[in-house]
Structures are given as structure tokens and as C-alpha cells.
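Residue numbers in the sequence shown follow the numbering used here, run continuously in steps of one, and reach 739 at the last position.
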Amino acid sequence: FEDGNGRTGRALIHVLLRRRGLAPSYVPPISVVLAANKDRYIDGLTRYRHGDLDVWIERFAVAAARAATLAERYLGRVNDLQDTWRAQLRHHTDLRADAAAWAVIDALPGHPVVTVPVATAVTGRSKSSTAVAVDQLVDGGILLPISESKRNRAWEAAGLLDLLAELEAGR
């Protein structure tokens with residue numbers, strides 16, 4: 569499953585889904601589903617190489633449907649987690665509706681590990697307001713420090729990497 573051709577093929581699947589508008593909002597984790605049963609995946613490809621297209625098409629379609637289900641479940645869990653973060657932040661501090669902390673929360677699903685420069689870039693806010701937002705999110709338990717250094721500090725979005733691990737495991 570780890571060979572270069574397989575990785576390239578699975579990457580191309582995602583590119584084609586996006587370019588053709590079949591997955592405009594997210595890319596279903598088809599590779600996760602295919603990896604869950606490597607022998608079945610390899611058998612399907614082998615049959616395809618020998619002209620048995622029906623078996624591969626059926627297996628791929630089943631994997632794509634399962635991947636879409638997993639992606640929808642993951643997106644729902646991420647939305648629930650963001651709602652939890654927002655509630656934590658509201659409970660912890662009284663922020664204006666346009667505070668940078670809300671923008672950072674909105675950006676976290678695409679950046680589960682952040683630094684102030686990354687958060688600044690993805691939110692479009694000033695470095696100083698983003699640094700304040702990061703401090704507020706740390707104080708609220710939403711961002712967890714992953715580096716001890718005073719320079720190059722980085723934080724993990726609480727619970728988000730766990731959701732990614734569940735997605736990778738096919739749950």
C-alpha cells in the first residue's frame with residue numbers, strides 16, 4: 569500500500585474529485601477506506617489490470633461511499649467541537665463579536681497545529697491581535713501548548729487531532 573505508484577494514484581483520485589467538482593467542499597478520505605482492507609484493494613487493482621473492470625469499479629464505489637460517510641461524520645464532529653470551543657471561550661471571557669479569537673477558532677480545522685504567524689496569515693488579522701487571541705484561546709483551554717520554547721511557540725487545537733486520528737482509523 570506504501571509503494572509510490574499507489575500513493576500517486578490515490579493522490580490523483582483526490583485531485584480529480586476536486587477539479588471535476590465532485591468534492592467541492594472536502595475530499596472524502598478514500599485512501600483511509602482502501603487502506604482498511606489492503607488485500608481487497610490490491611486484489612481489485614490486480615483484477616483491473618487483467619481486464620476485470622467491474623470488480624474494481626464496484627470496490628471503488630463502495631470505498632467512495634464509505635469515505636463520504638466518514639467525511640460527513642468527521643465534519644459534524646468538527647462543527648460540534650468548534651461549538652464547544654466557542655462556548656468555552658464565551659464562558660471564559662467576554663469578547664466582541666469581531667474579536668480575532670473567533671476568527672482563529674474558525675480557522676483551526678484547517679490548521680490543527682498553529683503558531684502566531686500561521687494564525688495571523690489564515691485569519692488576516694494583525695500579528696498583535698492574533699497573539700492576544702492565541703493567549704485567550706490558551707487561557708480558555710482551546711489551544712494547548714506543544715512547544716516549551718519562548719520562540720517558535722506552537723499550539724494544538726484541543727481535541728482536533730483526536731478527531732483526525734478517529735477519521736484515519738475509519739471511525
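Built from N, CA and C at the ideal position, the CB exists for glycine as well.
Coil, strand or helix - residue i by DSSP
i      : result
Leu711 : strand
Val681 : strand
Glu734 : helix
Ala726 : coil
Thr661 : coil
Leu590 : coil
Lys695 : helix
Arg739 : coil
Asn647 : helix
Arg578 : helix
Leu717 : Residue identity check: residue 717 is Ser in the sequence provided, not Leu. Three-state result, Ser717: coil.
Val595 : coil
Val583 : helix
Beta-bridge pairing of residue i - partner residues as DSSP gives them
i      : result
Trp670 : Paired residue(s): none; Trp670 is not in a bridge.
Nearest to residue i (by Cα), restricted to the options the options
i      : options                           : result
Asp607 : Gly619, Val595 and Trp624         : Trp624
Leu676 : Thr698, Gly577 and Arg719         : Thr698
Ala632 : Val601, Ala722 and Gly678         : Val601
Val706 : Ile610, Thr614, Leu657 and Asp622 : Leu657
Glu640 : Gly727, Val690, Ala687 and Pro597 : Pro597
Ala667 : Asp620, Pro713, Thr614 and Gln704 : Gln704
Lys695 : Ile710, Val672 and Leu712         : Val672
Trp670 : Gly644, Ala701 and Ala689         : Ala701
Leu663 : Gly708, Arg719, Tyr609 and Pro685 : Gly708
Ile710 : Arg719, Asp620, His659 and Thr614 : His659
Residues of its chain near residue i, where Cβ-Cβ distance is below 6 angstroms and the 5 sequence neighbours each way are ignored
i      : result
Tyr642 : Leu735
Ser599 : Arg578
Leu729 : Pro680
Val682 : Trp723
Ala725 : Leu676 and Pro680
Asp743 : Any question about residue 743 goes unanswered here, given that the chain covers just 569 to 739.
Leu648 : First, the amino acid is wrong: residue 648 is Asp here, not Leu. If we look at Asp648 and ignore the five residues flanking it on each side, it has no Cβ neighbours.
Residues of its chain near residue i, where Cβ-Cβ distance is below 7 angstroms and the 5 sequence neighbours each way are ignored
i      : result
Asp651 : none
Ala591 : Leu585
Gly738 : Val600, Val601, Ala604 and Leu638
Arg654 : Ile673
**Request:** Could I get the ranges of all uninterrupted beta strand (DSSP E) runs contained in the segment 603–641, with 3 residues as the minimum, in chain order?
**Result:** none
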